[in-house]
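Engineer: Counting in the working numbering, the sequence shown runs from 58 upward without gaps. Don't be surprised by glycine CBs; every beta carbon is placed ideally from N, CA and C. One structure, as structure tokens, below. Some questions next.
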Amino acid sequence: MFFSTKKERREELLAEPFPETWLGYLRENVFLYRLFSSEEQSKLQAALRIFIAEKYWEGCGKLEITDEIKVTVAAQACLLVLGFDNYYFDDLRTVLVYPGGYLSADPSEAASHANYLLGEAHPKGPVVISWWHTRWEGRRLGKRNLVLHEFAHKLAQIDDPNSEIPPIANADLRARWEKVMAAEYEQLCDDVDRERSTVIDPYGATNLAEFFAVVTEAFFLQPGALQKRHGQLYGLLAEWFRQDPAARRPLDQADLAHASAAESEYIAHTIEEYSVAIRLRPDDPDAYRGRAALLAEQGDVEKALADYNTVIRLARDDPDAYCDRAELTITQGRLEQALADLDTAIRLDPDFARAYRQRGAVYARLGDLRKAITNFTRAIRADPENMEAYRARAQAHAALGDDEDAERDRASVKKLKAAARKKQK
Ligand SMILES: [Zn+2]
58 MFFSTKKERR
68 EELLAEPFPE
78 TWLGYLRENV
88 FLYRLFSSEE
98 QSKLQAALRI
108 FIAEKYWEGC
118 GKLEITDEIK
128 VTVAAQACLL
138 VLGFDNYYFD
148 DLRTVLVYPG
158 GYLSADPSEA
168 ASHANYLLGE
178 AHPKGPVVIS
188 WWHTRWEGRR
198 LGKRNLVLHE
208 FAHKLAQIDD
218 PNSEIPPIAN
228 ADLRARWEKV
238 MAAEYEQLCD
248 DVDRERSTVI
258 DPYGATNLAE
268 FFAVVTEAFF
278 LQPGALQKRH
288 GQLYGLLAEW
298 FRQDPAARRP
308 LDQADLAHAS
318 AAESEYIAHT
328 IEEYSVAIRL
338 RPDDPDAYRG
348 RAALLAEQGD
358 VEKALADYNT
368 VIRLARDDPD
378 AYCDRAELTI
388 TQGRLEQALA
398 DLDTAIRLDP
408 DFARAYRQRG
418 AVYARLGDLR
428 KAITNFTRAI
438 RADPENMEAY
448 RARAQAHAAL
458 GDDEDAERDR
468 ASVKKLKAAA
478 RKKQK
């Protein structure tokens, strides 16, 4: 009797030519594949074949597992481990795939409450993933990617299922990792609190485990921006993943055309997905909020407005809901309507910097620069690091001929910028 070893089985598998249809899935569904060198592409092809052959795949919610699903999931998972030799998430046995987002029935939670999830990486257990998100996030050039995210969690769980960071054998790297990651995490939390725009997705501020998953997404999806604004963090990840995504070839015209087509399809499908979520949970304001933002982005203002109206009906005391609606009506020139919403937001939260800043901008457009300045000042008092408010107040001062005040605000903007840069180093 002859039993082949794992190594022999892998060699046998790789001796077969790579299926032509699979190449099509890679080109269509995995945007990053286009940017890889031909050497990296071959390595990824080999890795995903081994991954596909050695995992148990199961469709959930009536989903039938196809080759397209396997190739699209496996390619995105394996590009994380492309820098390693012969590692294919060996400790993972099962991949469960749902057609879209799904309701988890966590027994530890009250029976009436189920979470709407897109994916999970169970410690010592399977990865669960939404096919819809896997496909669309793989195709576009977005800032988030579900497969990269869940499999990054899997990497963190390699030796210790409760660990927030992946295993790091090198003591020097580990020491630097702990120091830099802690500082970067603090910085992100602070930026999120102050509503500053960030390269790293705000979801990373949830906890250190999510932080690692989210910076992994940024490392592969926006390597240039991450390297520029978070150089040390980028360096650590490059060392650990043994990859340098920022050094991959820049996007060309064909890539951009592909990305833009995928993006339009993605938005259309995301709107559909929100509609499904709304049918499942018609009282959840977040789904309306998400759909409204996308509808507004597509220029479908009336539908977006209808969704924002629903958000306000469902979350009458949420000042953000009024600011969201005001943001849309401002772009429509419906300034009186926007003012009414911003007044409500401020009544609900008298320290709400966002609402004061927006209300200042409306008064500036109405030509009432004094009132604009009063509102920007209130925004600054509520949030002393609100760069946008200083910038807007400087413009209002300048328009009134108060050059000294304008200059003082510009100096504040400069100072805040310098401080932010220093923190990011
Ligand atoms: Zn996560």
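#1: Sorry if obvious, but does the Cβ on A209 come closer than 6 Å to a heavy atom of ligand 1?
#2: Regarding A270 and ligand 1, is the C-beta to nearest heavy atom distance less than 6 Å?
#3: Quick check: does the Cβ of E274 come within less than 6 Å of any heavy atom belonging to ligand 1?
#4: What is the C-beta distance between R414 and A446, in whole angstroms, given that I count them as a contact (C-beta under 8 Å)?
#5: Taking the Cβ atom as the reference point for each residue, do A383 and A372 lie within a distance shorter than 7 Å?
#6: Taking 6 Å as the cut-off, is the beta-carbon of E267 closer than that to any non-hydrogen atom of ligand 1?
#7: Less than 8 Å between the CB atoms is what I'm expecting for P342 and V368, so what's the real figure, rounded?
#8: Could you check whether the segment 298-308 touches the segment 321-328, counting it as contact only if at least three pairs of C-beta atoms, one from each stretch, sit closer than 8 Å?
#9: Mark Y331 as exposed unless 16 or more other C-beta atoms lie within 10 angstroms of its C-beta, in which case mark it buried.
#10: Looking at the strands, I want to know which residues DSSP matches up with A446.
#11: How would you call N86, buried or exposed, if buried means at least 16 neighbouring beta carbons within 10 angstroms?
#12: So, for E111: in the same chain, excluding its five sequence neighbours on each side, which residues have a beta-carbon less than 7 Å away from its beta-carbon?
#13: Grab me the residues of R251's own chain with a C-beta within less than 8 Å of its C-beta, minus the 5 sequence neighbours each way, in chain order.
#14: Report back the beta-carbon spacing between A412 and C380 to the nearest angstrom; my notes put them in contact at under 8 Å.
#15: Taking only runs that begin and end inside the segment 293-337, name each unbroken alpha helix (DSSP H) of 4 or more residues, in chain order.
#16: Assuming L101 is part of the alpha helix (DSSP H), what are its boundary residues?
#17: Look at E241 and L290 and say whether their C-beta atoms are less than 7 Å apart.
#18: Once the 5 residues before and after L83 are set aside, which same chain residues still bring their CB inside 7 Å of it?
#19: Identify, in the order they occur along the chain, each residue of the same chain with its Cβ nearer than 6 Å to the Cβ of T263, setting aside the five sequence neighbours on each side.
#20: When the Cα atoms are used, what is the spatial distance from L283 to K471?
#21: Return helix, strand or coil for I186, following the three-state DSSP convention.
#22: Give the straight-line distance between the Cα atoms of G261 and L278, rounded to the nearest whole angstrom.
#23: Considering only residues of the segment 348-420, which uninterrupted beta strand (DSSP E) runs meet the minimum length of 3 residues and lie entirely inside it, listed in chain order?
#24: Please report the Cβ distance between A209 and A270, rounded to the nearest whole angstrom; I am assuming they are in contact, meaning their Cβ atoms lie under 8 Å.
#25: In the DSSP assignment, what are the bridge partners of A178?
#26: For L473, tell me which candidate among L203, D301, D248 has the shortest Cα-Cα distance.
#27: Once the 5 residues before and after A316 are set aside, which same chain residues still bring their CB inside 7 Å of it?
#28: Determine the contact status of P280 and A303, defining contact as a CB-CB distance below 7 Å.
#29: Please list, in chain order, all residues of the same chain as P223 whose beta carbon is under 7 Å from its beta carbon, the five residues on each side excluded.
#30: Closer than 7 Å by C-beta to R299: which residues in its own chain qualify, once you throw out the five before and the five after it? Chain order, please.
#31: For E115, name the three-state secondary structure that DSSP assigns.
#32: Whole angstroms are fine: how far does the CA of I109 sit from the CA of T386?
#33: Alpha carbon to alpha carbon, how far is V272 from N219? Give it in angstroms, no decimals.
#34: Could you please give the first and the last residue of the uninterrupted beta strand (DSSP E) stretch that includes V154?
#35: In the DSSP assignment, find the unbroken alpha helix (DSSP H) run with G281 in it and report its ends.
Structural biologist: Per the coordinate set shown:
#1: Position 152 of the sequence shown, counted from the first residue, corresponds to residue 209. Incorrect: A209 has no Cβ contact closer than 6 Å to ligand 1.
#2: Counting from one through the sequence shown, the residue named residue 270 turns up at place 213. Yes.
#3: What you label residue 274 is simply residue 217 of the sequence shown in a count that begins at 1. E274: no, Cβ never under 6 Å from ligand 1.
#4: Translated into positions along the sequence shown, residue 414 becomes position 357. Translated into positions along the sequence shown, residue 446 becomes position 389. Their Cβ separation, rounded to whole angstroms, is 5 Å, which keeps R414 and A446 in contact under 8 Å.
#5: What you label residue 383 is simply residue 326 of the sequence shown in a count that begins at 1. What you label residue 372 is simply residue 315 of the sequence shown in a count that begins at 1. For A383 and A372, no; Cβs fall outside 7 Å.
#6: The residue given as residue 267 occupies position 210 in the sequence shown. Yes, since a heavy atom of ligand 1 falls inside the 6 Å radius drawn around the Cβ of E267.
#7: Counting from one through the sequence shown, the residue named residue 342 turns up at place 285. Counting from one through the sequence shown, the residue named residue 368 turns up at place 311. Between V368 and P342 the Cβ distance is about 5 Å, and since that is below 8 Å, they are a contact.
#8: No: fewer than three Cβ pairs fall under 8 Å.
#9: Counting from 1 along the sequence shown, the entry for residue 331 is found at position 274. Burial call: buried.
#10: On the sequence shown, position 389 is the one that residue 446 refers to. DSSP, once it has assigned bridges, lists no residue as partnering A446.
#11: One-based indexing of the sequence shown puts residue 86 at position 29. Buried is the call here.
#12: Locating residue 111 in the sequence shown gives position 54, counting from the first residue. Excluding positions up to five away in sequence, the list reads Y145.
#13: Stepping through the sequence shown from its first residue, residue 251 is reached at position 194. Excluding sequence neighbours, R251 sits near D440, E442, N443.
#14: Position 355 of the sequence shown, counting from 1, holds the residue named residue 412. Position 323 of the sequence shown, counting from 1, holds the residue named residue 380. 5 Å between Cβ atoms; contact.
#15: Counting only runs of 4 or more, we get 310-337.
#16: Against the sequence shown, residue 101 aligns to sequence position 44. Residues 95-111.
#17: Here the question's residue 241 lines up with position 184 in the sequence shown. Here the question's residue 290 lines up with position 233 in the sequence shown. Going by C-beta atoms, E241 is nearer than 7 Å to L290.
#18: To locate residue 83, count along the sequence shown from 1; it is residue 26. Cβ neighbours of L83 beyond the five flanking positions: Y90, V128, A132.
#19: Here residue 263 is taken as the residue at index 206 of the sequence shown, counted from 1. The answer is none, since no qualifying residue turns up.
#20: Residue numbering aside, residue 283 sits at position 226 when the sequence shown is read from its first letter. Residue numbering aside, residue 471 sits at position 414 when the sequence shown is read from its first letter. L283 and K471: Cα-Cα distance of roughly 22 Å.
#21: What you label residue 186 is simply residue 129 of the sequence shown in a count that begins at 1. Strand.
#22: On the sequence shown, position 204 is the one that residue 261 refers to. On the sequence shown, position 221 is the one that residue 278 refers to. Approximately 15 Å between the Cα atoms of the pair.
#23: Runs of the beta strand (DSSP E) inside the segment 348-420: none found.
#24: Mapped onto the sequence shown, residue 209 falls at position 152. Mapped onto the sequence shown, residue 270 falls at position 213. That pair is a contact at about 4 Å.
#25: What you label residue 178 is simply residue 121 of the sequence shown in a count that begins at 1. Here A178 is bridged, per DSSP, to V184.
#26: The sequence position of residue 473 within the sequence shown is 416, counting from 1. When each option's Cα is compared against that of L473, the closest is D248.
#27: Translated into positions along the sequence shown, residue 316 becomes position 259. Only F88, R197, L198 meet the Cβ criterion.
#28: Numbered from 1 along the sequence shown, position 223 holds the residue referred to as residue 280. Numbered from 1 along the sequence shown, position 246 holds the residue referred to as residue 303. At a Cβ-Cβ threshold of 7 Å, P280 and A303 count as neighbours.
#29: For the purposes of this step, residue 223 is taken as residue 166 along the sequence shown, with counting starting at 1. Contacts found: L212, A213, I215, W297.
#30: Start at 1 with the first residue of the sequence shown, and residue 299 comes out as number 242. These residues qualify, in order along the chain: G140, F141.
#31: By 1-based counting over the sequence shown, the position of residue 115 is 58. For E115, the three-state secondary structure derived from DSSP is strand.
#32: Translated into positions along the sequence shown, residue 386 becomes position 329. Translated into positions along the sequence shown, residue 109 becomes position 52. Near 50 Å, if we compare the C-alpha coordinates of I109 and T386.
#33: Numbered from 1 along the sequence shown, position 162 holds the residue referred to as residue 219. Numbered from 1 along the sequence shown, position 215 holds the residue referred to as residue 272. Rounded to the nearest angstrom, the two C-alpha atoms are 18 Å apart.
#34: The residue given as residue 154 occupies position 97 in the sequence shown. From DSSP, the beta strand (DSSP E) with V154 extends over 151-155.
#35: The residue you call residue 281 lines up with position 224 of the sequence shown. Looking at the DSSP string, the run of the alpha helix (DSSP H) that includes G281 is 280-286.
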